[in-house]
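Chemist:
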Amino acid sequence: MRTWLYKADTRLSPYLYISPFFLLFAVFGLFPLGYTAWVSLHDWTLLSDEHPFTGLANYRELLADPYFWNALRNTISILLLSTVPQLIFALILAHLVNRRLRAKTLWRLGMLLPNVTSVVAVVVIFSQLFGRDFGLINWLLDSFGLGRIDWQAGVASSHVAIAAMITWRWTGYNALIFLAAMQAVPKELYESATLDGATPGQQLRKITIPSIRPTVIFVVIVSTIYGLQVFAEPQLFAGSGPNGIIGGPDRQFQTLTLYMYEHGFNRGFEFGYASATAWVMFGLIVLIAGANYLITRRIRSSR
Amino acid sequence: MRTSLRRMLAPIMVAGLLATAACGSEEQPAGNEKITLNVALFGDFGFKPLYEEYQKAHPNITIKERISDYAAHHQSLISHLATNSGAADIEAVEIGYLSSFTATPNRFHNLLDLGAGELESQWLPWKWQQGLSTDKKTLIGLGTDVGGMAMCYRTDLFQAAGLPTDRDEVSKLWPTWEDYVATGKRYKAAAPKSYFMEASGNMFRAMVEQAPTGVYDDADKLIVDGNASVKKAWDLTVDAIKSDQSAKLSAWTPEWSAAFGKGTFATIVCPAWMTAYIETNAKDAAGKWDVAAVPGGAGSMGGSHLALPKQGKHAKEAYELIKWLTAPEQQKKIFKATGNFPSTPSLYTDPDLTGFSKPFFNNAPLGKIFTASAQAVQPQHQGPKQGDVFNTIGAGLGRIEQGKQSPEDAWKQVLADVAKLA
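As they're listed, the protein sequences go chains Y and P. Just so we're aligned, residue 20 is where the first sequence starts under our numbering, counting upward by one. Just so we're aligned, residue 15 is where the second sequence starts under our numbering, counting upward by one.
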């Protein structure tokens with residue numbers, strides 16, 4: 020009897036310990052996911068009482084909508100413009116802070132500050148920096164005789180402005196994660212590399228990055244997922260008029276989430292259509308995150 | 015803004031207290047049951063001092079207010095209606111959204127069942143009509159303010175451009191919108207560095223709202239393509255854009271707010287509620303702003319109703335409250351405090367209202383101007399996706415302003431986008 024109980028305990032208890040997360044995930048994660056899939060197969064308008072089944076009609080309509088593809092292009096463009104510099108800066112920053120420094124904690128805490136700031140505050144301030152008539156950046160450009168840029172109006176310029184907000188907010192955060200991983204790299208490697216005459220840059224490329232490969236993969240994937248869902252930055256960038264929903268009159272910076280928001284909460288409250296968008300986004304995120312995993316896995320491991 | 019608002023409110027509150035004291039004997043609290051009424055608004059409706067007055071007269075009622083911004087308010091209202099929980103007892107609905115509720119009125123208390131029918135004569139007939147469902151059997155909301163239009167302008171910029179600055183003279187410059195655009199051309203010729211209007215979208219919208227029919231016909235069919243007055247408004251607006259009159263600002267952005275005070279543009283279509291925004295955003299430009307008549311006669315832009323979602327438990331008490339909040343007396347107090355113009359015509363002969371002016375607007379007779387404007391409004395049928403249609407057309411004008419598309423291409427895309435809305 021005793022041994023049976025003991026065996027059951029060692030076998031089953033671990034599952035019991037981890038079950039709260041999975042139960043909560045089932046209730047707040049899986050169920051909404053499934054329900055969204057169900058809604059996406061219907062003509063589901065929020066204010067009407069009838070929700071006729073339409074099968075895949077929402078998906079067909081979605082994939083035939085040029086504005087959907089436009090939103091996808093914008094999202095990927097903003098993703099690349101923000102994630103790539105963000106990760107490079109974060110690596111360099113972590114590498115610098117990882118050395119012997121005075122007031123180490125101060126520098127490290129400072130890196131987290133932009134991330135603690137509310138996204139609304141970040142966007143409000145950046146929107147003013149990137150303002151067309153009274154913005155600081157245009158004022159600088161103008162005083163160097165370079166002329167003004169209507170940041171919101173252009174496709175590339177609006178993407179750069181939005182990417183700058185994301186980069187500013189997440190670089191320090193990612194740097195801290197990199198830093199945590201770098202602390203685990205054996206110091207002897209650097210010492211011997213220094214003896215062999217390797218420069219700090221070489222050390223970063225040849226020792227640090229290969230040693231923290233799993234962390235790089237993690238950060239790339241998490242940033243990708245965040246980048247594909249970017250919403251607050253473009254929405255607030257356009258101000259609270261109708262442009263905040265379609266991302267500028269030419270939809271020049273409408274992201275996928277904004278596109279979903281437009282259909283779910285503006286144009287007749289078509290929840291079925293918005294749900295279909297959500298599912299297509301889900302698929303895309305899985306696909307792109309998977310591709311990223313395969314690419315980043317190719318970083319040569321040091322071991 | 016805050017201090018000036020408080021200064022304005024103080025006498026109103028005193029008057030309110032006196033009024034309640036005077037009629038205290040008549041209004042006995044109905045029941046002893048403690049009731050909390052939630053009121054959800056977008057922006058400040060100027061109700062706060064009124065609540066205190068009302069709670070004094072009805073000790074069993076507690077009023078709680080929550081305010082969010084325009085889009086967030088209406089979106090959460092709709093999701094609360096759809097999920098049948100979470101809506102406040104009293105919800106403000108702006109005209110841009112009202113038409114989607116009058117098309118599906120089943121989620122609101124019918125105010126006619128609560129006895130609102132006898133109040134009909136209080137309101138402008140068209141304002142009353144706007145709150146009725148398509149079959150005229152359900153009344154969704156009681157009207158608060160109306161957006162009778164005027165034209166606000168900067169006297170200093172007009173002077174610099176060699177245009178008259180006196181408001182009567184200025185009104186004479188533009189009996190029609192064609193004259194307005196022609197004045198804009200004169201303005202640009204004299205002052206090429208500044209702009210005549212803040213954005214072209216408002217001008218377009220004002221023109222369409224003045225027409226007998228707008229973007230919908232009476233059967234809720236979209237007629238953007240077929241309606242000559244819409245096309246005419248579009249063409250004239252394009253003309254104004256092409257002669258570089260628009261400062262190309264999009265409303266509710268930081269740039270837009272800043273531009274009021276900096277004198278970036280000289281005129282803005284000015285429904286009554288806009289005066290509050292001008293005052294807030296252009297504190298330093300007090301006295302430089304003035305108000306003239308709007309081209310093309312009259313029209314209404316904006317305005318709201320107070321509605322009672324069916325999920326609210328205290329329909330009777332909530333109805334009593336909105337009946338009181340929208341009564342002429344209270345609408346007058348709100349106008350003086352916030353600039354939101356009453357929808358109850360009995361006030362339009364009240365010298366207290368018609369004689370109202372503000373030093374900020376160079377003592378322009380705001381009461382008189384907006385009264386004339388509100389009285390002249392011809393009702394226009396509003397369809398279920400009214401707001402979305404205007405936004406779609408506005409985006410088309412924006413593409414021309416930003417140089418993305420030729421007017422022809424922009425119009426083609428507008429028609430295609432609007433067709434998808436139907």
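Idealized CB from N, CA, C, for every residue including glycine. Note that this is a predicted model, so its numbers are computed, not measured.
Report yes or no: is there a C-beta of chain P within less than 9 Å of the C-beta of P143/Y?
Modeler: Here residue 143/Y turns out to be Val, not Pro, going by the sequence shown. So yes, V143/Y belongs to the interface.
Chemist: When you compare only the Cα positions, how much space is there between F40/Y and W140/P?
Modeler: For F40/Y and W140/P, the distance between alpha carbons rounds to 57 Å.
Chemist: May I ask you to list, following chain order, the residues of the region 358–390 of chain P that have a beta carbon less than 9 Å from some beta carbon of chain Y?
Modeler: Under the 9 Å Cβ criterion, the region 358–390 of chain P contributes no residue.
Chemist: Could you check what DSSP says for E415/P in three-state terms: helix, strand or coil?
Modeler: Correct three-state label for E415/P: helix.
Chemist: Hey, is the region 174–185 of chain P in contact with the region 200–216 of chain P, meaning 3+ C-beta pairs nearer than 8 Å?
Modeler: Enough Cβ pairs lie closer than 8 Å, so yes.
Chemist: Can you give me, in chain order, the residues of the region 57–69 of chain Y that have a beta carbon less than 7 Å from any beta carbon in chain P?
Modeler: Of all residues in the region 57–69 of chain Y, L65, L66, S67 have a Cβ within less than 7 Å of some Cβ in chain P.
Chemist: I'd like the span of the beta strand (DSSP E) that includes D304/P, first residue to last.
Modeler: Looking at the DSSP string, the run of the beta strand (DSSP E) that includes D304/P is 303–306.
Chemist: Quick one: which chain P residues come within Cβ less than 8 Å of F301/Y?
Modeler: Ordered by position in chain P, no residue passes the 8 Å Cβ test against F301/Y, which lies about 21 Å from the chain.
Chemist: Taking just the CA atoms, how far does W188/P sit from N241/P?
Modeler: So the alpha carbons of these two residues sit roughly 24 Å apart.
Chemist: For the beta strand (DSSP E) holding L156/P, just list the boundary residues, first then last.
Modeler: From DSSP, the beta strand (DSSP E) with L156/P extends over 155–168.
Chemist: Within this structure, are the beta carbons of Q248/Y and A172/Y separated by less than 9 Å?
Modeler: No; because the gap between Cβ atoms is not below 9 Å, this pair is not in contact.
Chemist: Cα-Cα, which of A251/Y, A308/Y, G291/Y, F288/Y is closest to S146/Y?
Modeler: Residue A251/Y is the option with its Cα nearest to S146/Y.
Chemist: In angstroms with no decimal places, state the Cα-to-Cα distance between K26/Y and I37/Y.
Modeler: Between K26/Y and I37/Y, the C-alpha separation is close to 18 Å.
Chemist: Name, in chain order, the residues that DSSP records as bridge partners for V428/P.
Modeler: Its beta-bridge partners do not exist; DSSP assigns none.
Chemist: Should K262/P and G412/P be called a contact, given that it needs their Cβ atoms to be closer than 9 Å?
Modeler: Yes. Within cutoff.
Chemist: Any C-beta of chain P within less than 7 Å: which residues of the region 270–297 of chain Y qualify?
Modeler: Within the region 270–297 of chain Y, the qualifying residues are F284, N285, R286, G287, F288.
Chemist: Name the two residues that bound the continuous alpha helix (DSSP H) containing H88/P.
Modeler: Unbroken alpha helix (DSSP H) run through H88/P: 84–97.
Chemist: Since L435/P meets chain Y, which of its residues come closer than 9 Å, beta carbon to beta carbon?
Modeler: Those are R286, G287, listed as they occur along chain Y.
Chemist: Straight-line CA distance for H72/P to L335/P?
Modeler: Taking the straight line joining both Cα atoms gives about 10 Å.
Chemist: Report the neighbours of T147/Y on chain P: residues whose CB is nearer than 7 Å to its CB, in chain order.
Modeler: Note that residue 147/Y is Gln in the sequence shown, not Thr. Near Q147/Y (Cβ distances below 7 Å), the residues of chain P are P268.
Chemist: Check this for me: beta carbons of M288/P and T251/P, under 9 Å apart or not?
Modeler: Going by C-beta atoms, M288/P is not nearer than 9 Å to T251/P.
Chemist: What do you get for L313/Y, buried or exposed, if any count of 16 or more other CB atoms within 10 angstroms of its CB means buried?
Modeler: Flag for L313/Y reads exposed.
Chemist: Within 10 angstroms of its Cβ, does F47/Y collect 16 or more other Cβ (buried), or is it exposed?
Modeler: It counts as exposed.
Chemist: Taking contact to mean 3 or more Cβ pairs, one atom from each stretch, closer than 8 Å, check whether the region 340–354 of chain P and the region 55–62 of chain P are in contact.
Modeler: Counting Cβ pairs under 8 Å, three or more are found: they touch.
Chemist: Out of curiosity, what's the CA-to-CA distance linking P71/Y and G287/Y?
Modeler: The alpha-carbon atoms of P71/Y and G287/Y are separated by roughly 16 Å.
Chemist: List, in chain order, every chain Y residue whose beta-carbon is nearer than 9 Å to that of R168/P.
Modeler: Per Cβ cutoff of 9 Å: no residues; R168/P is ~16 Å from chain Y at best.
Chemist: Measure the Cβ-Cβ separation of W270/P and E331/P and say whether it is below 9 Å.
Modeler: Not a contact, by the Cβ cut-off of 9 Å.
Chemist: At a Cβ threshold of 9 Å, is G417/P touching chain Y?
Modeler: Answer yes: the Cβ-Cβ gap between G417/P and chain Y drops below 9 Å somewhere.
Chemist: Helix, strand or coil, according to DSSP, for H319/P in the structure here?
Modeler: Residue state, collapsed to three classes: strand.
Chemist: So, F279/P versus A273/P, is the Cβ gap smaller than 9 Å?
Modeler: Going by C-beta atoms, F279/P is nearer than 9 Å to A273/P.
Chemist: Using the C-alpha atoms, what's the distance from Q136/P back to L255/Y?
Modeler: Distance between the alpha carbons of L255/Y and Q136/P: 41 Å.
Chemist: Can you give the beta carbon distance from P398/P to R121/P, rounded, assuming they're within the 8 Å contact cut?
Modeler: With a Cβ gap of about 14 Å, P398/P and R121/P do not count as contacting.
Chemist: Pick out the complete beta strand (DSSP E) segments inside the region 258–311 of chain P, 3 residues or longer, and give them in chain order.
Modeler: Those beta strand (DSSP E) runs which fall completely within the region 258–311 of chain P and span 3+ residues are 279–285, 303–306.
Chemist: So, helix, strand or coil for K372/P, using DSSP?
Modeler: Strand, per DSSP.
Chemist: Straight-line CA distance for L132/Y to T406/P?
Modeler: Each residue's alpha carbon lies about 39 Å from the other.
Chemist: Counting only runs of 4+ residues fully inside the region 236–299 of chain Y, write out the alpha helix (DSSP H) ranges in chain order.
Modeler: Listed in chain order, they are 251–256, 262–265, 275–284.
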